[in-house]
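Numbering (the UniProt record's numbering), first residue to last: 1 to 509. C-beta atoms are modelled at their ideal positions from N, C-alpha and C, and glycine is treated no differently.
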Ligand code: UN1
């Protein structure tokens with residue numbers, strides 16, 4: 001199914017303008033780069049990018065603001081984030097409009113992205129009273145050891161187009177309560193939602209009396225990001241994007257002994273065991289693989305199905321794929337919106353051609369849609385591909401809706417296949433066999449940062465830490481104790497006796 005009508009670029013430009021006006025965000029119009037919409041593939045506004053001098057000034061201002069912010073009590077820092085969360089609630093619909101216009105997400109997922117931001121603000125407000133250190137037993141009489149957590153400094157956030165606002169908020173809400181200041185370099189593909197978020201945080205700062213420079217937004221291309229990566233005043237670089245990007249960022253930040261937090265590619269898999277509830281599994285698989293048009297880092301890319309049920313699973317998935325409504329993401333019946341660019345569609349088609357040359361069979365999908373209605377946009381049917389083995393193309397992350405289906409005979413074989421890719425972000429198993437589920441979650445099971453049972457690979461809640469291993473980069477963001485990446489710890493030894501006792505029984509003088 002495809003809706004054949006799309007909004008015009010003029011409609012979308014007006015809708016974006018309305019949302020920005022409601023939020024009070026000004027657009028720095030210029031000719032350095034274009035805000036565009038994947039819904040029609042056309043340009044919305046010409047924008048001005050940050051210059052080197054702007055970046056330098058932002059880093060200097062952010063560092064100065066840090067010197068005040070770090071000594072502001074954490075619960076008072078939490079007031080800023082609480083106000084941001086209230087403003088996000090008040091502008092949820094406008095913000096979701098901008099996400100749909102710039103990232104092409106369907107309405108429900110765009111609203112979900114804003115909800116994820118509200119959730120992390122709530123979490124961070126609570127966290128502002130829970131930045132706990134520990135007291136540790138000293139081996140010496142009359143002594144106490146303490147672990148103290150202090151703000152780190154300026155945090156550079158480099159984010160991607162696919163979660164253009166939520167990933168910023170995971171970093172920013174937590175960094176701000178931790179006493180850090182933030183400089184944000186969003187994807188060039190999503191400047192408008194970034195302007196909106198920046199404006200709301202700016203308003204929150206004005207209202208609670210926080211320094212304006214606790215947050216700075218820098219629009220522009222990779223040269224802006226490179227400045228943050230190479231500047232020793234930026235204590236932590238939190239970067240979301242491709243493994244290729246992370247391979248550059250990680251070593252460059254490490255070369256100046258900075259910290260980096262990397263959220264890179266995923267090649268997420270689900271195992272479907274013979275005991276699985278197939279109704280549940282099919283729903284979970286289709287959302288994880290085709291939702292967000294396959295453009296989440298947690299998107300399901302490989303399905304590892306037990307041989308005995310493979311035909312039944314494939315038949316049901318093929319039927320579900322054929323019915324997926326593709327088209328205008330503002331249409332409430334659409335489930336699959338556009339890919340971000342025609343380059344993303346080219347990458348998908350290239351992967352499909354390569355996998356077929358390697359013996360893969362396309363079972364459903366893979367055809368371009370709406371070419372006449374929107375020649376510059378990239379609508380496509382999600383593709384389901386049967387493969388016999390994990391060839392090189394299956395082991396790569398193609399940021400598009402392709403689901404490769406593999407079969408297995410034993411759980412050991414399924415786990416080995418599952419882990420035999422370079423990436424390690426998200427994973428799941430559908431099974432009603434408790435022993436199998438526990439093996440999958442054990443140290444000898446999934447090697448990913450996220451491992452789920454009877455649910456798909458995508459759509460994590462903010463309460464848990466988010467991130468993955470191997471080529472995914474090792475970073476953890478969002479909930480649990482991910483906040484520790486945004487602070488530095490100090491160990492304190494306090495002597496409240498009148499003796500100078502040396503550790504390890506050393507005597508001196
Ligand atoms: C991403 O795709 O970069 O777990 C983040 C999920 C979302 C976040 C995805 N909560 O799918």
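Is DSSP giving residue i helix, strand or coil here?
i, result
"residue 425", "coil"
"residue 372", "coil"
"residue 384", "strand"
"residue 171", "helix"
"residue 260", "strand"
"residue 238", "strand"
"residue 419", "helix"
"residue 163", "coil"
"residue 574", "As displayed, the chain neither begins before 1 nor continues past 509, which places residue 574 out of reach and without an answer."
"residue 193", "helix"
"residue 508", "coil"
"residue 324", "coil"
"residue 136", "strand"
"residue 496", "coil"
"residue 395", "helix"
"residue 39", "coil"
"residue 440", "helix"
"residue 46", "strand"
"residue 129", "coil"
"residue 402", "strand"
"residue 152", "coil"
"residue 157", "strand"
"residue 510", "Nothing can be reported for residue 510, as the shown portion of the chain is limited to 1 through 509."
"residue 362", "strand"
"residue 123", "helix"
"residue 113", "helix"
"residue 233", "coil"
Count the other C-beta atoms from every protein chain shown that fall within 10 angstroms of the C-beta of residue i, then say buried if there are 16 or more, exposed otherwise.
i, result
"residue 169", "buried"
"residue 193", "buried"
"residue 53", "exposed"
"residue 176", "buried"
"residue 450", "buried"
"residue 125", "buried"
"residue 243", "buried"
"residue 44", "buried"
"residue 367", "exposed"
"residue 506", "exposed"
"residue 315", "exposed"
"residue 323", "exposed"
"residue 426", "buried"
"residue 468", "buried"
"residue 311", "exposed"
"residue 350", "exposed"
"residue 29", "exposed"
"residue 361", "exposed"
"residue 412", "exposed"
"residue 274", "exposed"
Under 8 angstroms between the Cβ atoms of residue i and residue j?
i, j, result
"residue 465", "residue 476", "yes"
"residue 365", "residue 404", "no"
"residue 406", "residue 304", "yes"
"residue 56", "residue 9", "no"
"residue 328", "residue 6", "yes"
"residue 154", "residue 233", "yes"
"residue 410", "residue 347", "no"
"residue 458", "residue 291", "yes"
"residue 24", "residue 203", "yes"
"residue 293", "residue 401", "yes"
"residue 49", "residue 21", "no"
"residue 395", "residue 422", "yes"
"residue 334", "residue 326", "yes"
"residue 455", "residue 271", "no"
"residue 462", "residue 442", "no"
"residue 16", "residue 98", "yes"
"residue 485", "residue 261", "yes"
"residue 103", "residue 186", "no"
"residue 231", "residue 252", "no"
**Message:** If we require 4 or more residues per run, which alpha helix (DSSP H) segments fall completely within the stretch 51-110?
**Reply:** Within the stretch 51-110, the alpha helix (DSSP H) runs of at least 4 residues that lie entirely inside it are, in chain order, 52-69, 74-90, 92-103.
**Prompt:** Between the stretch 490-498 and the stretch 136-143, do at least 3 Cβ pairs fall closer than 8 angstroms?
**Reply:** Inter-segment contact for the stretch 490-498 and the stretch 136-143 is present: three or more beta-carbon pairs are separated by less than 8 angstroms.
**Request:** For the stretch 196-231, list the alpha helix (DSSP H) runs that are entirely contained and at least 4 residues long, ordered along the chain.
**Result:** If we require 4 residues or more, the alpha helix (DSSP H) runs fully inside the stretch 196-231 come out as 222-230.
**Asked** So does the stretch 365-382 actually touch the stretch 327-346, counting three or more Cβ pairs closer than 8 angstroms?
**Response** yes
**Item:** Meets three-Cβ-pair contact criterion under 8 angstroms: the stretch 345-361 and the stretch 388-401
**Value:** yes
**Prompt:** Can you list, in chain order, the stretches of the alpha helix (DSSP H) that have 4 or more residues and sit fully within the stretch 251-320?
**Reply:** 278-290
**Asked** Pairing CB atoms from the stretch 262-270 with CB atoms from the stretch 292-308, are three or more of them under 8 angstroms?
**Response** Result yes; three or more Cβ-Cβ pairs closer than 8 angstroms.
**Prompt:** For the stretch 77-92 against the stretch 247-259, are there 3 or more C-beta pairs whose distance is under 8 angstroms?
**Reply:** For the pair of segments examined, the stretch 77-92 was found not to touch the stretch 247-259: the number of CB pairs separated by less than 8 angstroms stays below three.
**Prompt:** Counting pairs of beta carbons, one from the stretch 173-192 and one from the stretch 211-221, are three or more of them closer than 8 angstroms?
**Reply:** yes
**Asked** Touch check for the stretch 121-136 and the stretch 55-69: three-plus C-beta pairs under 8 angstroms?
**Response** The answer is no - the stretch 55-69 does not touch the stretch 121-136, with fewer than three Cβ pairs under 8 angstroms.
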